[in-house]
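For the sequence shown, counting from 1, position 274 maps to 274 in full-length UniProt numbering; every step adds exactly one. Glycine residues also receive a C-beta, built at the ideal position from the N, C-alpha and C atoms. See below for the structure under consideration.
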Amino acid sequence: MISGYPKLSGLIRIGLQLKLTLLVIALLCLLVVFIGLLSTDSIRRILLSEIGQKALVLAQSVARNPVMREGLQTKNSAAVQELAEKIRQATAAEYVVVCDRQGTRYSHPNPENIGKTFAGGDFHPVVEMGSAYVSQAVGTLGPSTRAFVPVLGDQGEVIGFVAVGYLDTEIEKQVGVQQRKILGYAAVVLFFGVFGAAVIAKKFKSAIFGLEPHEIATLFEERNAIIEAIREGVVAVDRAGRLRFVNQAARRYLGQSPDEELAGCLLTDLCPCGEMENALLQKEKILDQEISVAERTMVVNVLPFEVSGNGSGAVATFRPKDEIDNLARKLLHMQEYSELLRAQTHEYSNKLHTIAGLIQIGAHHEALDLILTESSGYQDLVKTLAEAVPDPVIAGLILGKFNRARELKVELKLEPDSSFSDLPAEIERGSLVTIIGNLLDNAFEAVRSYGQDCEVRLFFTDLGLDLIIEVEDSGPGVPPEIADRLFEKGVTTSIGQGRGMGLYLVQKAVAALGGSVTFSTGELGGALFTVTIPKNCAGLYDKNMLSGQKGTV
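Dropping the structure here:
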């Protein structure tokens, strides 16, 4: 056995010897089937060749018969039919058909077909070039292998041809007889193959010291759980608190050399990990808990494990909280984009249905006017945004919100002087998406719940030293009873679960950028939110995310 891993017993599993035996038997069966198919194909081709030659010899004999030549020259189909049928019955051919140069039958097993054109379309070479050959085609009696031989006149000219054929069904019957013989041989081979497979499997198991697959799998069972969390820092310990595995991410987070051998060392020798160390040693379960590890805030998971009742330990996965925050922001952006695409799809679906209806009722001019109106309006909006907001992320957000507003029957107006033509690269675009997107969503909800003129105005500028963003709505405004805690998590005037997060996220994003957000009563009678963000905030975003610092609100 491998040192440190006890041999497991008492588990009801299929043994390695049986598995190998079954594997060899399966491979042997596949081989027998493959050889059987090849043999069947070879037999079929040989039979087709033999029957083709047989038909060709018979056709040549019939073509040289004077009765056939005279019958074709005198157009005496009765004499030809009588002789052809005698030959067919004597040779067990499926049919012996004699035709003139035009393919008109003078004989056929079914007298009703006499006088009709030869079926299959493969007789032209025999009358045009006078060649004898074998072909396969579908005639009046079904698929068949048939031979064509020309009937020559007194001057050696082609005056007709003889076709002798055997149906493919008869050939398949003969193939079936040969297949049954092959199956008998295959059964004998399989019998000896099973015996040989058992012997080989026994010798193979002996060569690997009698280990069963589940015993080998146990050696890697602990590793499997660790490998699944390979993107995070992973530390595994056994019941004695000794390190079993430390991946490269964990070494990097804990400040350890990537080449240093740590397996077998005590966890306490790696680094003082505080809460994570205690959880690992005590086999305590922890899920998504923020813990300080090596002077960094990590999101830690600790899960105890047992290996088939013979070994136990714990595995910890951890990752810096700032990396997870970055992933969360990206997910938020994707959700925003998804919502924008959904709104745009819904809007254009309605327009397409309208256009389709106009076309169906014959109102083609009205349909064209609607298309031109929509196209012109949309292109004007896109052109305006392209000039005012060169940044594609922000422009895409605003364009999507216009589509969303139209879907909600809300009039969204962009103030004429709005411009974000000189956005500093240091300002994180995801934060601007969060700020503008949530302010507009809150405004849409406010005017819809108010039930009067649904109007929302958006203004933004990057002139001067600050970015200014204003969102005004015609809703009821901010209730005085929640004004002091408007930006707290969960505070809302809306009904339903999942509410009260929009302004909280706005406040967090603004604070991370070192800016401020205020609200007042606007000209429309509703709430006016004003966001001010300093342009010279280079490096402030990451610093705030790590330290938890908030800006002015």
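| said: For the alpha helix (DSSP H) containing L31, name the first residue and the last one. | reply: 16-63
| field | residue 554 - DSSP class collapsed to helix/strand/coil | value | The structure shown does not extend to residue 554, since the chain is modelled only from 1 through 553, so no value can be given for it.
| I think A405 touches F444, with their Cβ atoms under 8 Å apart; what is that distance to the nearest whole Å? | 6 Å
| query | What residue from I114, T145, P111 has the CA that sits closest to D122's CA? | reply | T145
| For Y166, the three-state DSSP class (helix, strand or coil) | strand
| What is the C-beta distance between S49 and A84, in whole angstroms, given that I count them as a contact (C-beta under 8 Å)? | No, S49 and A84 are not in contact; Cβ-Cβ is about 25 Å, not under 8 Å.
| CA-to-CA distance, I482 to Y450, given in whole angstroms | 17 Å
| field | Host alpha helix (DSSP H) of T91 (start-end) | value | 77-91
| field | Of the listed residues N110, E128, M129, G160, nearest to G139 (C-alpha basis) | value | N110
| Start and end residues, beta strand (DSSP E) containing A132 | Here A132 belongs to no beta strand (DSSP E), and DSSP marks it neither H nor E.
| message | Measuring only the C-alpha atoms, how far is residue 554 from A236? | response | There is no way to answer for residue 554, as the model of the chain reaches only from 1 to 553.
| task | Report the three-state DSSP secondary structure of residue 555 (helix, strand or coil). | result | The question about residue 555 has no answer here: the residues shown for the chain are numbered 1 through 553.
| said: For Y95, tell me which candidate among E128, L141, A63 has the shortest Cα-Cα distance. | reply: L141
| query | Residues bridged to N301 by DSSP? | reply | T317
| task | State the DSSP-derived secondary structure class of Q289, mapped to helix, strand or coil. | result | strand
| message | Once DSSP output is grouped into helix, strand and coil, what is the label at I359? | response | helix
| said: Check for me: the beta strand (DSSP E) holding P392 runs from which residue to which? | reply: It is not in any beta strand (DSSP E) - P392 instead sits in the alpha helix (DSSP H) that spans 392-407.
| Helix or strand or just coil, what does DSSP make of G498? | Confidence at G498 is low in this model, with a pLDDT of 44, below 50, so its placement is unreliable and the value that follows should be read with caution. Coil at G498, not helix or strand.
| task | Kindly indicate which three-state DSSP category E455 falls into: helix, strand or coil? | result | strand
| Can the beta-carbon of I427 be found less than 9 Å from the beta-carbon of V510? | no
| said: For the segment 188-207 against the segment 24-32, do three or more pairs of beta-carbon atoms, one drawn from each stretch, fall closer than 8 Å, so that the two count as touching? | reply: yes
| Exposure label - Y253; buried when at least 16 CB within 10 Å | buried
| field | E70: first and last residue of the uninterrupted alpha helix (DSSP H) it sits in | value | 66-74
| said: Between the alpha carbons of R296 and Q289, how many angstroms are there, rounded? | reply: 13 Å
| query | Using 8 Å as the threshold, is the segment 118-132 in touch with the segment 197-207, meaning 3 or more CB pairs across them? | reply | no
| In whole angstroms, what separates the C-alpha of P66 from that of N113? | 23 Å
| field | Rounded straight-line distance, which links the Cα of A314 to that of P6 | value | Since pLDDT at P6 reaches only 45, below the 50 mark, its modelled position is unreliable, and no value is offered.
| field | Boundaries (first-last residue) of the alpha helix (DSSP H) holding A249 | value | 248-253
| message | Tell me the residue span of the beta strand (DSSP E) that contains A236. | response | 233-238
| Between the beta-carbon of V134 and the beta-carbon of G52, is there less than 9 Å? | yes
| message | So, under 8 Å CB-CB, G526 and A446 are touching, yes? Tell me the CB distance rounded to an integer number of Å. | response | 6 Å
| query | If you count every other CB in all the chains shown that lies within 10 Å of the CB of M501, and 16 or more means buried, which is it? | reply | exposed
| field | As assigned by DSSP and simplified to three states, the class of P534 | value | strand
| Closest to R101 by CA distance: which of T218, V389, V158 is it? | V158
| Outcome for G15 when other beta-carbon atoms lying within 10 angstroms are tallied against a minimum of 16 | exposed
| Backbone secondary structure at D466 - three-state DSSP | strand
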